[in-house]
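Inspection log for the structure reproduced underneath, given as structure tokens.
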Amino acid sequence: MKKFFKIGEISRLYDIGVDSIRYYEEIGIIKPERSESGYRLYSIHDIWRLNVIRDLRSIGFTMEQIREYLEDHTTASSLKLLEEEQEAIQKQMLQLQKLQKNVSHRLNTIRSAQNLPLHKITQTTLPPRRCHILSEGYQAAEEMDLLIKRLINLDRERLYIVGSNQIGTVISRSSLFKKKTLSYQSVFLIDENGKNIISGGDYLCVTYRGSYSQSTNWGQQLIQYAESHDLKVTGDLLELLWVDIHTTSDESEYITQLQLPVQSIK
């Protein structure tokens, strides 16, 4: 077996970038010998150190932690390192399981949205929903997007916008009744850790596909439906974006659901 290897051989054999190997030399973690012509020559000992560095870096150990271990490794320190490595792997596994569950939920959300009945008004009972709300009105879609990004920043680890039906807006019911127009009052993100609550109760719901401009017409139809079915409107109209610009750039694929809180007059 060869006693020494050149940097290119090490890079190919162990899939470690040449720049990384040179960096490890610069900070003193490995110390290759030099040939008469000036080439770096790496020993089996250097290769062992590179393998340790690669393995520990892959699970998040810092270079300082790795340096401390390499400078003085004993049976005791190796046991301690393996225990820390095991703990780090377990944390990664939990994080990946959490991420997998989240992605699975969002995949189901998009698939479910594509199967929602369109253009049909239904009455349903919804539970209270915790959420984050920014009570700031807006007019243009660009303004809404900025508000949503501010909401996302409240909890970067939990809130997502791709494939999520958590995003919504609040539309003033008085503007629908009096002016027959949309007046956006706020934006929200449904999240179990949210500080605000969307009230539970009976809602009239309708889902449509395409441009948001349809919300005006469908909002009016919900109000008319409530009046003709002896229902009292008890709150503002909610506009939930099941599939929006964060999921598709094709406006014809947008899927929006309107939810109007109501109460029986009888």
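When we follow the numbering used here, the leftmost residue of the sequence shown carries the number -10, and every step to the right adds one. Where a beta carbon is used, it is the ideal one built from N, C-alpha and C, also for glycine.
### Message
I'd like the span of the alpha helix (DSSP H) that includes LYS90, first residue to last.
### Response
Taken as a continuous stretch (DSSP letters only), the alpha helix (DSSP H) holding LYS90 covers 64 to 102.
### Task
Reducing DSSP to helix, strand and coil, say where GLY190 ends up.
Correct three-state label for GLY190: strand.
#### Entry: Beta-carbon proximity of ASP225 to ILE160, cut-off 8 Å
Taking a C-beta distance under 8 Å as the contact criterion, ASP225 and ILE160 qualify as a contact pair.
### Task
State the Cα-Cα distance for the pair LEU165 and ASN182, rounded to the nearest angstrom.
Roughly 31 Å separates the two Cα atoms.
### Query
From which residue to which residue does the beta strand (DSSP E) around TYR3 run?
First-last for TYR3: -4 to 3, but that is the alpha helix (DSSP H), not the beta strand (DSSP E).
### Query
Less than 8 Å separating the beta-carbons of LEU313 and ILE156?
Residue numbering for the chain in the displayed model covers -10 to 255; residue 313 lies beyond these limits and cannot be assessed.
### Message
I'd like the span of the beta strand (DSSP E) that includes GLN246, first residue to last.
### Response
Here the beta strand (DSSP E) through GLN246 covers 244 to 253.
### Query
Looking at C-alpha atoms only, which residue of THR223, LEU220 and THR158 is the closest neighbour of TYR201?
Of THR223, LEU220 and THR158, the residue nearest in Cα terms is THR158.
### Query
Can LEU249 and ALA215 be called in contact, C-beta distance under 8 Å?
Judged by their CB atoms, LEU249 and ALA215 are nearer to each other than the 8 Å cut-off.
### Query
From ARG29 to ILE48, what does the alpha carbon distance come to, in whole angstroms?
Looking at the two C-alpha atoms, the distance is approximately 28 Å.
### Query
Candidates SER66, ASN104, ILE10 and LYS109: which alpha carbon is nearest TRP207's?
Residue LYS109 holds the alpha-carbon nearest to the alpha-carbon of TRP207 among SER66, ASN104, ILE10 and LYS109.
### Message
Would ARG162 and VAL251 be called neighbours here (beta carbons separated by less than 8 Å)?
### Response
No, the pair does not count as a contact, with Cβ atoms beyond the cut-off.
#### Entry: Collapsed DSSP secondary structure at PHE(-7) in the structure displayed
In the three-state reduction of the DSSP assignment, PHE(-7) falls in the strand class.
### Message
By alpha-carbon positions, which one of LYS90, GLU228 and LYS80 ends up nearest to TYR173?
### Response
Comparing Cα positions, the closest option is GLU228.
### Message
Could you check whether PRO117 and ILE5 sit closer than 8 Å to each other, using their CB atoms as the reference points?
### Response
Judged by beta-carbon spacing, PRO117 lies beyond the 8 Å limit of ILE5, meaning their Cβ atoms are not closer than that value.
### Query
In terms of residues, what are the limits of the alpha helix (DSSP H) holding ILE55?
From DSSP, the alpha helix (DSSP H) with ILE55 extends over 52 to 60.
### Message
Can you tell me which residues form a DSSP beta bridge with GLN210?
### Response
Looking at the DSSP output, GLN210 sits in no beta bridge, so it has no partner there.
### Message
Please tell me whether THR245 and THR205 are closer than 8 Å, where the distance is taken between their beta carbons.
### Response
No, the pair does not count as a contact, with Cβ atoms beyond the cut-off.
### Cα-Cα separation between LEU68 and ARG100, rounded to whole angstroms
LEU68 and ARG100: Cα-Cα distance of roughly 48 Å.
#### Entry: Check whether GLY189 and LEU115 have beta carbons under 8 Å apart
For GLY189 and LEU115, yes; Cβs fall inside 8 Å.
### Task
Return yes when the Cβ of THR111 is within less than 8 Å of the Cβ of CYS194, no when it is not.
Between CYS194 and THR111, the CB-CB gap stays under 8 Å.
### Query
With contact counted as at least three CB pairs below 8 Å, one residue from each stretch, are the stretch 58 to 66 and the stretch 88 to 96 in contact?
Taking 8 Å as the limit for Cβ pairs, the verdict is that the stretch 88 to 96 does not touch the stretch 58 to 66.
### Runs of alpha helix (DSSP H) lying entirely within the stretch 213 to 238, each at least 4 residues, in chain order
Listed in chain order, nothing qualifies, since the stretch 213 to 238 has no complete alpha helix (DSSP H) run of 4 or more residues.
### Given LEU59 as reference, the closest of GLN75, LEU39, GLU72 and ALA77 once Cα atoms are compared
Taking only the C-alpha atoms, the option nearest LEU59 is LEU39.
### Task
Specify the secondary structure class of ILE19 as computed by DSSP and reduced to three states.
ILE19 carries a coil assignment under DSSP once its states are collapsed to helix, strand and coil.
### Distance, HIS94 Cα to TYR3 Cα
If I take the Cα positions, the gap works out to 38 Å.
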